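Below is one structure; the comments refer to it alone.
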Amino acid sequence: MRRNEPSEGGQTENRIARELGWVAGENGTGRTRIPRALTIAGSDSGGGAGIQADLKTFTALGVFGMSAITAITAQNTREVRGVHIIPPEMVRSQILAVAEDIGVDAAKTGMLANEDVTVAVAKALRETGITNLVVDPVMISKSGYSLLPAQAQKAVIRQVFPLARIVTPNIPEAQAITGMTITGLKEMKEAARRILAMGPEWVVLKGGHLSGEAVDVVSSWDRMLEIVSPRIETKNTHGTGCTLSAAICAYLAKGMEPLEAIKFAKKFITWAIMNSLPLGNGYGPTNHFYFVREGDVEVTVREV
Ligand SMILES: Nc1ncnc2c1ncn2[C@@H]1O[C@H](COP(=O)(O)OP(=O)(O)OP(=O)(O)O)[C@@H](O)[C@H]1O
Ligand SMILES: [Mg+2]
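So in the numbering used here, the last spot in the sequence shown is 304, and the numbers never skip.
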């Protein structure tokens, strides 16, 4: 039996659904429905960032994950060896296919690869009416590889930022977007204001690249906040940005408002970094499954 069909054991099903954070069914049917999230991003063969990090994060947070792949990267914890960009029409087709059939409660974008793919994604987002959107303006990999040519950066700003509820640049990206030099909190706040003027409802300017406490500046038209966590001394931070934006997207899919979603996502990424995995010889990945606990269902093995 499929989980979202009504069942005789409806009470148990509802309890599990509540625990997983699934929302109650529509039209008083009593059915439960899992939140659905879509990532539009590149594949990281190393499994720590990109589509792979996003789908792991969605799963860890009890959200049904779907993907539209923009590019395939040959990548590990040390380097990006190659990028194969998917034809723009195929990227658009993936978005339309899932939106028209399965439905999307929230979406995120990551690596948009080039100008044509960016334009195709913006078009597909408008066509499908996806508005619960997080935009992670991925430009450079942690290992220093350029993931978005300058021409495409302009297209992301002009065409995708205005569609976003939340934009999540890191410091080098915020510098490229605004032309500012950012060395501390004061400049982060000014840059956040400038990016806000480019169209999104909220900006999360991530402080991962500075030193001291890990402070993210969070800004909307009428609010300016700092979300602070301790800095964890580790080199295993591959995919932190992807994971943070995927967690925000998952919480939006569950029905949270942006600020609440950002706060819970910061908690999620902090735990994931604290328990990061020393895999590979470069920047290892975060641990997406630290939050996942074993269920309380007892299983007995009987000799017969
Ligand atoms: N060493 C750390 N300790 C604690 N939090 C961190 C650390 N490094 C990054 N963060 C947090 O992780 C999140 C992602 O920030 P970061 O600046 O690393 O993103 P990014 O550069 O886009 O990452 P990526 O390389 O995956 O693209 C932010 O909330 C940031 O504050
Ligand atoms: Mg990033």
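Cβ coordinates follow ideal geometry from the N, Cα and C atoms, glycine included.
Keep in mind it's a predicted model, so treat the numbers as computed, not measured.
Using DSSP with H/G/I as helix, E/B as strand and the rest coil, what is residue i?
i    : result
M66  : strand
E190 : helix
T29  : Annotation note: pLDDT 48 at T29 (below 50); position unreliable, no value reported.
A24  : Reliability fails at A24, whose pLDDT of 48 lies under 50, so the model's placement of it is uncertain and the value that follows must be treated cautiously. Strand, per DSSP.
P285 : strand
K142 : coil
Q159 : helix
E298 : coil
T270 : helix
L205 : strand
L252 : helix
K235 : coil
V117 : helix
I182 : coil
E127 : helix
G241 : helix
G50  : helix
A99  : helix
P172 : helix
E257 : coil
R92  : helix
L55  : helix
I34  : coil
F264 : helix
A122 : helix
L148 : coil
A197 : coil
V304 : coil
Can you name the residues that DSSP bridges to residue i?
i    : result
T73  : D44 and V83
V217 : L205 and E226
K108 : T39 and V134
I166 : V134 and W202
Would you say residue i touches ligand 1, meaning its beta carbon is less than 8 Å from a heavy atom?
i    : result
N281 : no
C249 : no
A214 : yes
H209 : yes
K263 : no
I40  : no
S141 : yes
K267 : no
E233 : yes
P230 : yes
A49  : yes
H288 : no
Any heavy atom of ligand 2 closer than 8 Å to the CB of residue i?
i    : result
D136 : yes
G284 : no
N114 : no
N170 : yes
A241 : Inspection of the sequence shows that residue 241 is occupied by Gly rather than by Ala. Result yes, Cβ under 8 Å from ligand 2.
Is residue i near ligand 3, judged by its Cβ being under 8 Å from some heavy atom?
i    : result
E173 : No copy of ligand 3 appears in this structure; the ligands present are ligand 1 and ligand 2.
Taking three-plus beta-carbon pairs below 8 Å as touching, is the stretch 268-279 in contact with the stretch 230-242? yes
Three or more C-beta pairs closer than 8 Å, one from the stretch 106-117 and one from the stretch 130-145: is that the case here? yes
Check whether the stretch 66-75 touches the stretch 31-48, counting contact only when three or more Cβ pairs, one atom from each stretch, lie closer than 8 Å.
yes
*Is the stretch 137-154 in contact with the stretch 75-82, if contact means three or more CB pairs nearer than 8 Å?*
yes
Cβ contact (3+ pairs, closer than 8 Å) linking the stretch 162-176 and the stretch 83-102 = no
> Any contact of the stretch 148-159 with the stretch 249-262, i.e. 3+ C-beta pairs under 8 Å?
Replying inline: no
Touch test, the stretch 214-222 against the stretch 190-198, Cβ-Cβ under 8 Å, three pairs minimum:
yes
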